[in-house]
Amino acid sequence: MASDTSASFDKCLQKFRRGLTEAQKREFSSTDLPQVKKAIQQIQDRIGPNGKLRNLNRIKKFLEGMKQIEQLVQIFLNVHEVVAFVWGPIKLTLMMISTNVEELDLLLGTYQEIGETLHGVGKYDRLFKNSPDILLILERYFYDILEFHIAVLDVFTKPNWKKFFRSAWPTFKKRFDPILSSLKRHKALLSDEKVSLLLEEVQDGRACIEDRLQDLSKDIKDRLDVLAREIKAKDLDRIELIRNQKSAIEMKLGPHKYNIDQSQALNQRDSATSGDWILHDPKYEAWLNGSLSVDSFLYFSGILGSGKTTLISRIVEYMHSQIALKLLNGVLIFFYFKHGPIGSSGSTKGEMLRAIISQLLHQDDSLLHFIHERTASLGDSTITDDKLLGDLAKDCLKSQNRVWLILDGLDECDELHHDGNMESCDIIKLFEQEFIPAMSAQNSNLRVLVSGQRD
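Here it is as structure tokens:
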């Protein structure tokens with residue numbers, strides 16, 4: 001088996017595992033085809049009497065093909081926990097979307113398209129057994145299926161997904177279309193006349209096929225390599241398109257350069273281990289791993305020049321690394337307030353809200369069309385309305401399961417408003433009275449760490 005392909009396959013398996021919650025892992029590990037069929041029947045029984053019966057039989061080929069994939073992967077790819085990768089995501093997604101008829105139709109249509117590409121794959125088992133290079137096609141098949149399930153779970157396991165589904169679907173389609181194209185190309189390889197002829201000879205038990213099998217294996221490997229390069233190029237095009245769309249939204253947001261602030265703060269550290277003690281502080285660890293809304297805030301105070309910003313930069317750096325390694329499951333957002341006149345860059349609630357929206361946008365592609373729709377009426381104008389920014393930030397936060405938000409130097413924005421309120425007080429109230437309750441109401445978790453002088 002080609003090492004590069006196997007390495008990518010193993011990475012995809014690990015990526016899928018790391019993306020699951022512990023509850024999902026337990027649920028998926030015990031889900032099988034009969035349970036999926038039972039779930040489908042329950043959906044029919046529930047929505048049928050209301051005149052909303054869908055043609056769930058249209059995914060029959062999909063289920064049959066997935067069953068064949070399950071059996072082949074267990075035998076030839078040695079993935080024994082394959083049920084968790086095959087049936088668990090299907091059952092979860094169907095049950096979650098079953099009450100939304102239009103969305104269910106879209107998902108069933110997608111399953112139907114995949115089913116057409118999987119139909120009949122089981123008959124190639126003897127070829128898979130006799131040729132490691134032809135077996136690569138099976139590996140690529142399962143890789144594509146895993147990528148599809150990852151994309152689906154990204155949409156349907158988010159809190160408040162119903163509100164975001166319509167705007168998230170175009171991004172999902174962009175991600176799914178290359179996967180479907182890849183599945184179709186792999187089916188075409190298996191349907192090739194040379195493969196069909198050799199399959200007949202293998203099934204008939206004819207001898208002296210080793211030379212032609214070797215030639216065919218080399219041809220298939222070469223064509224798979226070409227296909228992999230084409231798919232990678234298309235994926236790069238998709239990524240570039242999304243990057244350009246995000247840049248257009250960034251122009252409207254005009255966020256302060258928070259990444260530059262983080263780099264500058266890191267450069268102020270005396271050594272690579274400076275500030276590591278904070279990572280083992282019991283209060284910080286409780287805040288990092290907590291789940292109750294009552295302890296959502298952690299206040300980190302100190303006098304001017306005591307090194308608070310340096311410590312905050314270490315926390316941000318550490319949490320970024322943990323999230324990248326999937327040791328923390330959630331989204332990290334940070335903002336460094338800068339001392340200056342009210343309205344200056346980095347000194348206001350509006351600047352903070354822009355940074356929150358911008359960082360969520362860059363960490364969650366499914367928000368792309370949602371934010372675009374909410375800001376399209378503004379044309380090319382920069383968003384200046386704090387109410388609009390606040391509502392948009394709250395909705396985007398509500399699309400996440402878990403968010404850590406770190407604010408450094410909150411006292412730097414302490415300017416008195418015309419109504420007598422301080423800017424920092426308004427920001428604390430925004431989180432305490434709006435953002436945290438809104439997320440808690442849907443069982444999401446927002447943790448806020450605030451640093452500043454004690455006053």
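FYI, full-length UniProt numbering numbers position 306 of the sequence shown as 306, with every residue one higher than the one before it.
For every residue, glycine included, the Cβ atom is placed at its ideal position computed from N, Cα and C.
On a predicted model such as this, the values are computed, not experimentally measured, just so you know.
Inter-residue spacing [alpha-carbon to alpha-carbon] between residue i and residue j
i: M352; j: L388; result: 13 Å
i: F99; j: K283; result: It is worth fixing the name first, because residue 99 is Thr in this sequence and not Phe. Cα to Cα, T99 sits roughly 42 Å from K283.
i: L136; j: E116; result: 20 Å
i: E230; j: E240; result: 15 Å
i: R185; j: N78; result: 24 Å
i: I357; j: I333; result: 9 Å
i: H80; j: F297; result: 43 Å
i: G379; j: E250; result: 13 Å
i: S366; j: E200; result: 46 Å
i: I43; j: C413; result: 53 Å
i: S451; j: T273; result: 20 Å
i: E147; j: Q433; result: 39 Å
i: T93; j: Q24; result: 12 Å
i: L446; j: R354; result: 17 Å
i: M36; j: R314; result: It is worth fixing the name first, because residue 36 is Val in this sequence and not Met. Cα to Cα, the separation comes out at about 46 Å.
i: H119; j: E70; result: 13 Å
i: R374; j: H256; result: 21 Å
i: G409; j: Y299; result: 11 Å
Sequence-distant residues of the same chain with beta carbon closer than 8 Å to residue i, five excluded per side
i: H418; result: Caution applies to H418, whose pLDDT of 49 falls short of 50 and renders its modelled position unreliable; the model cannot decide the point.
i: R17; result: K25
i: L216; result: S131, I134, K194, V195 and L198
Residue i in three-state terms, based on DSSP
i: R229; result: helix
i: F164; result: helix
i: H418; result: Unreliable positioning characterises H418 in this predicted model, as indicated by a pLDDT of 49, which lies under 50. A coordinate reading is not provided.
i: L325; result: coil
i: M79; result: Note that residue 79 corresponds to Val in the displayed sequence, not to Met. V79: coil per DSSP, three-state reduction.
i: F9; result: helix
i: D364; result: coil
i: R269; result: coil
i: S29; result: helix
Contacts around residue i, its chain only, beta-carbon distance under 7 Å, and the 5 residues preceding and following it disregarded
i: K398; result: P159, N160, A438, M439, Q442 and S444
i: T31; result: V83, W87, G88 and K91
6 Å CB neighbourhood of residue i in its chain, flanking five on each side removed
i: Y143; result: F9 and C12
i: Q68; result: V121 and G122
i: H149; result: P89
i: M66; result: V86
i: S182; result: D144 and I231
i: L449; result: L298 and I406
Minimum C-alpha distance to residue i - residue among the options
i: K349; options: L407, L77 and R229; result: L407
i: L266; options: K38, T310, R243 and A39; result: T310
i: I383; options: Y318, L253, D365 and L332; result: L253
i: I278; options: R354, K308 and D295; result: K308
i: L153; options: M95, Q74 and D411; result: M95
i: I312; options: V195, Q264, I47 and I145; result: Q264
i: H320; options: L190, Q262 and E113; result: Q262
i: K15; options: I371, G390, S347 and I323; result: I323
i: K246; options: P255, H362 and K218; result: H362
i: K429; options: D395, W404, G390 and V403; result: G390
i: K173; options: L368, N259 and D395; result: L368
i: G19; options: W287, G330, I145 and E285; result: G330
i: N289; options: R46, I427 and W404; result: W404
i: K61; options: Q74, Q112 and V73; result: Q112
i: L189; options: R175, D222, F164 and T157; result: D222
i: N401; options: F370, S291 and E64; result: S291
* To do: Check whether the region 103-117 touches the region 161-180, taking contact to mean three or more Cβ pairs, one atom from each stretch, closer than 8 Å.
  => yes
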